[in-house]
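Student: First the structure, then my questions, so here it is.
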Amino acid sequence: MAMRFTREVTDWERLPVLLSMDEACRVLRCADTTVVKHIKQGHFKGNRLGRDWRIDRDSVKEYFVNG
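Going by this note's numbering, the residue at position 31 of the sequence shown is 31; the numbering climbs one at a time, nothing skipped.
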């Protein structure tokens with residue numbers, strides 16, 4: 001069952017382990033350029049696969065939980 005994106009993520013485990021750029025933008029409620037900026041600054045782990053990005057769900061969660 002796909003997770004519905006609401007204002008707040010309450011169950012991180014229901015998200016895919018690797019988020020697409022679209023999923024990351026919806027979860028974080030920000031633009032793709034902002035997500036890329038956070039990856040380049042080392043806040044999130046992410047890799048580019050061809051033209052697409054994959055962002056590590058756990059690194060996004062850790063950034064918000066631990067600040």
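Glycine included, each C-beta is placed from N, C-alpha and C at the ideal position.
1. Classify R57 as helix, strand or coil using the three-state DSSP reduction.
2. R57 to G50, Cα distance in whole Å?
3. Quick one: using the 10 Å Cβ neighbour count with 16 as the cut-off for buried, is V27 buried or exposed?
4. In whole angstroms, what is the alpha-carbon distance linking L15 and K40?
5. Can you tell me whether DSSP reads T6 as helix, strand or coil?
6. To which residues of the same chain is H38 closer than 8 Å at the C-beta, ignoring the five residues directly before and after it?
7. Taking the alpha-carbon positions, what's the D52 to S20 distance?
Tutor: Once the coordinates are examined:
1. helix
2. 20 Å
3. buried
4. 22 Å
5. The predicted model places T6 with a pLDDT of 48, which falls under 50 and marks its position as unreliable; any figure quoted below should be read in that light. Three-state result, T6: coil.
6. F44 and Y63
7. 7 Å
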